[in-house]
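These notes concern the structure reproduced below.
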Amino acid sequence: MIDCVGNIIWLPDGLYVNVPKTKKTYCKSKECRKHTLHKVTQYKKGKDSLAAQGKRRYDRKQSGYGGQTKPVFHKKAKTTKKIVLRLQCQGCKHVSQHPIKRCKHFEIGGDKKGKGTSLF
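Quick note: the sequence shown uses UniProt numbering, first residue 1, plus one each step.
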């Protein structure tokens, strides 16, 4: 965020998150069942399928004359999404997901902030 003078200001904790690229955590696959190193990536939603039953039904109903047939939601309340970390075990390649809190700015493997220092 930038103030009226032009200085960069970080908002209160929880809005800026920096996660390391690797994390040592428990792997619950049958092969490991111990703490191992995991590669951290951010979960992303896959592309919507055109063959899904709901999409086919919606497209069929929308076709032809008559305008919009289903309600379009406009009362969005949230400004952020919950971040989901995708953890892949470097030993057995097992993938698990770990949701964390909401934040405005999320980064993987950015500069680590030392004690008593600033990022800018």
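Virtual Cβ for every residue (Gly too), placed ideally from N, Cα, C. Note that the coordinates shown come from a computational prediction; the quantities given were computed from them, not determined experimentally.
The alpha helix (DSSP H) that contains residue i, what's its start and end?
i	result
Lys55	53–62
Residue i and residue j: beta carbons closer than 9 Å?
i	j	result
Lys23	Leu87	yes
Leu37	Gly109	no
Lys104	Thr69	no
Cys27	His94	yes
Ile78	Arg56	Correcting the residue identity first, residue 78 is Lys in this sequence and not Ile. For Lys78 and Arg56, no; Cβs fall outside 9 Å.
residue 125	Lys76	Not covered by the structure: residue 125. The range shown for the chain is 1 to 120.
Quick one: give me the first and last residue of the beta strand (DSSP E) that residue i is part of.
i	result
Arg33	Where Arg33 is concerned, there is no enclosing beta strand (DSSP E), given that its DSSP letter is neither H nor E.
Gln88	82–89
Identify which residue in the options has its Cα closest to the Cα of residue i.
i	options	result
Asn18	Ala52, Lys78, Thr41	Thr41
Val84	Phe73, Pro71, His35, Phe106	Phe106
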